[in-house]
Amino acid sequence: MISIHWEAFTPYSALLGGLMIGVSAVMLILLTGRVAGISGILGELIKPQSNETLWRFTFVLGMVTAPWLYMATMGSFEFESPRGPLALIVAGLLVGYGTRLGSGCTSGHGVCGLSRLSLRSLVATGVFMTVGFVVASLLMHAI
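If you read the sequence shown in our numbering, its first letter stands for residue 79, the second for the next number, and so on.
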């Protein structure tokens, strides 16, 4: 059974965050013609094959500095994980591997691809979500 912790339910900040993601994705495609797929943006920074490193670096810098900006203006925020740092690192590496295997990530397929009505992105997002639900359920019940 799913329960909602009403004291931690924050629909306005979630809506604002979603709007900011959407606006940034629209701005990126309008200004550069590029999709805001984080794995592709970061991958091209790590192993550059074009001269488009400035906007990619700026995009990633914005993502990295956003939590610090939030803390400077709004105060600290809490992050709790039922797993330790090693599990989070392993999970991140598995997600990275999956983005290469799936030719994109949830931001590229789920946010940008679905908004462009891409059938390939619909299938990829369905696979991402299904596998995520199954793995999370297995791990929660097995550990």
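Glycine included, each C-beta is placed from N, C-alpha and C at the ideal position.
Since we're looking at a predicted model, the values are computed, not measured.
Can you have a look at T143 and say buried or exposed, based on whether 16 or more other CB atoms are within 10 angstroms of its CB? On the sequence shown, position 65 is the one that residue 143 refers to. Result: exposed.
Given a threshold of 16 other Cβ atoms within 10 Å of its Cβ, counted over all protein chains shown, does G191 qualify as buried or as exposed? Within the sequence shown, residue 191 is the residue found at index 113, counting from 1. Burial call: buried.
Ignoring anything shorter than 4 residues, give me the alpha helix (DSSP H) runs that lie fully in the stretch 85–113, in order along the chain. 89–110
In this structure, how does DSSP classify P160 when only helix, strand and coil are distinguished? The residue given as residue 160 occupies position 82 in the sequence shown. Three-state result, P160: coil.
Taking the alpha-carbon positions, what's the G100 to V189 distance? Start at 1 with the first residue of the sequence shown, and residue 100 comes out as number 22. Start at 1 with the first residue of the sequence shown, and residue 189 comes out as number 111. Roughly 8 Å between the two C-alpha positions.
Beta-carbon within less than 7 Å of F135's beta-carbon, same chain only, minus the 5 sequence neighbours each way: which residues are those? Taking the first residue of the sequence shown as 1, we reach residue 135 at position 57. These residues qualify, in order along the chain: L123.
For H83, three-class secondary structure by DSSP: Sequence index remark: in the sequence shown, residue 83 carries index 5 (1-based). H83 falls in the coil class under three-state DSSP.
Identify, in the order they occur along the chain, each residue of the same chain with its Cβ nearer than 7 Å to the Cβ of C183, setting aside the five sequence neighbours on each side. As a first step, residue 183 must be located in the sequence shown, where it is residue number 105. Excluding residues within five positions, the ones whose Cβ falls inside 7 Å are G115, I116, S117, T177.
Express the C-alpha separation of S154 and Y148 in angstroms, rounding to a whole number. Sequence index remark: in the sequence shown, residue 148 carries index 70 (1-based). Sequence index remark: in the sequence shown, residue 154 carries index 76 (1-based). Distance between the alpha carbons of Y148 and S154 is about 8 Å.
Please state whether DSSP places E122 in a helix, a strand or coil. Taking the sequence shown and counting its residues from 1, one reaches residue 122 at position 44. DSSP places E122 in helix when its eight states are reduced to three.
Can you tell me whether G182 is helix, strand or coil according to DSSP? The residue you call residue 182 lines up with position 104 of the sequence shown. Residue state, collapsed to three classes: coil.
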